[in-house]
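Encoded as C-alpha cells, the structure appears first; notes follow it.
Numbering (our numbering), first residue to last: 72 to 167.
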C-alpha cells in the first residue's frame with residue numbers, strides 16, 4: 072500500500088514462470104519490475120482502539136486483536152510520520 076507497487080500481481084506472474092526482468096514496472100512503464108525504487112519516505116501504521124465505545128469489553132491488551140481500525144501515515148522521517156499518524160487517529164488528545 073505504501074509504495075503503490077502491485078506485489079500480488081507480480082507475485083502471481085512469478086509463480087507461473089515469468090522472471091522479474093521480463094515484467095514491466097506498472098508505475099514507470101520503462102523500467103523492469105526488478106528495478107528497486109528509492110524510497111525517501113517512512114510509513115507507519117497505528118491501530119485505533121475505541122475502548123470508550125465498548126465499555127463492557129476488557130481493555131487489557133494481549134495477543135488478541137482488539138483494534139477497530141488503523142491509520143497509515145507517510146512522512147520524510149519516522150518522527151513526522153509517527154506524529155501525523157497519531158493526529159490522524161482523532162483521539163482528541165493535544166499531547167503525550
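Each residue gets a CB set at the ideal place from its N, CA and C atoms; glycine is no exception.
Length of the line joining the Cα atoms of residue i and residue j
i, j, result
"residue 97", "residue 116", "25 Å"
"residue 125", "residue 138", "11 Å"
"residue 142", "residue 100", "30 Å"
"residue 127", "residue 163", "22 Å"
Reduced DSSP category for residue i - H, G, I as helix; E, B as strand; rest coil
i, result
"residue 150", "helix"
"residue 81", "helix"
"residue 161", "coil"
"residue 141", "strand"
Chain-order list of residues whose beta-carbon lies under 7 Å from that of residue i (same chain, five-residue window excluded)
i, result
"residue 75", "98"
Top-ranked residue by Cα proximity to residue i, from the options
i, options, result
"residue 151", "106, 113 and 131", "113"
Self-check item: the stretch 118 to 134 touching the stretch 79 to 95, judged by at least three CB pairs closer than 8 Å
Solution: no
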